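Chemist: Following our numbering, the numbering of the sequence shown begins with 4 at its first residue and continues without gaps.
Please read through the structure below; I'll follow up with questions.
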Amino acid sequence: RFIRACRRESVDRTPVWMMRQAGRYLKEYREIRKGIEFLDLCKNVDLAAEVSLQPLRILGVDAVIFFSDILIPVEAMGVEVTLTDKGPEIARPIRSMADVNALRIPDPAGEVPFVGAILKRLRQELRNETPLVGFSGAPWTLASYMIEGGGSKSFAEIKRMAFREPRTLHALLDKLASTIIAYAKFQIESGAQAIQLFDTLAGELSRTDYDEVALPHTQRI
């Protein structure tokens, strides 16, 4: 049903899946989280696969989205990421062209092999009976975290860069797009049957600014 809907084919009803994966609404998930940090959970093949499957077992959803975090590829680019109770924190935000040039475009198989292992494990468990969804953050959203140093109410730093140093911002967005392309391909090769692109912070831009700043890089992906 989910795959047919993705292809815009007719379905008997709207497919349902959990965009936020396991999440804090499940006591089974909370039990697992008691003994492990969030990023460590994302990198633990056994536990990440287990919490990915919890919504399917408990709620009977139409697709399974693998458990991870949108900042996993950012960390692989050479950015130090810490997840706290307040959200993600980046010790050294990206603020200059030199910072952008220092970032690498990682080889996912070498840098985040656990992502491929989790997806392969899930495909084995699902046996083609339930679709498996991979995902990534979109360039604008990832850049927002990287430039702001974490979450923000105003997103003043990335907006300042967009209007004062657009060349630097577009260089970062371009490098992120290349990273996400490789990351998405790796997920597909590892068993993902659809890819969801999260542009969570796109609402910080007007439609005109989104079309000019963010959309071209998402279209390239």
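Glycine included, every Cβ here is placed at the ideal spot set by N, Cα and C.
Since we're looking at a predicted model, the values are computed, not measured.
Could you check whether the segment 72-85 touches the segment 108-116, counting it as contact only if at least three pairs of C-beta atoms, one from each stretch, sit closer than 8 Å?
Modeler: yes
Chemist: Indicate the three-state DSSP secondary structure (helix, strand or coil) for Pro142 in the structure shown.
Modeler: helix
Chemist: Could you spell out where the beta strand (DSSP E) holding Val84 opens and where it closes?
Modeler: According to the DSSP assignment, Val84 belongs to the beta strand (DSSP E) that extends over Val84 to Thr87.
Chemist: Taking Cβ positions, are Leu135 and Leu129 nearer each other than 8 Å?
Modeler: yes
Chemist: Would you decide whether Asp15 is buried or exposed? Buried here means 16 or more other CB atoms lie within 10 Å of its CB.
Modeler: exposed
Chemist: Report the start-end ranges of each alpha helix (DSSP H) in the segment 142-176 that is 4 residues or longer and not cut off at the edges.
Modeler: 142-151 and 159-167
Chemist: In its own chain, which residues sit with a C-beta less than 8 Å from the C-beta of Ile217, not counting the 5 before and 5 after it?
Modeler: What sits at residue 217 in the sequence shown is Ala, not Ile. Only Ala141, Pro142, Trp143, Leu176, Asp202, Ala205 and Leu208 meet the Cβ criterion.
Chemist: Within 10 angstroms of its Cβ, does Val67 collect 16 or more other Cβ (buried), or is it exposed?
Modeler: buried
Chemist: Is the beta carbon of Arg126 less than 8 Å from the beta carbon of Gly194?
Modeler: For Arg126 and Gly194, yes; Cβs fall inside 8 Å.
Chemist: DSSP three-state call for Val67: helix, strand or coil?
Modeler: strand
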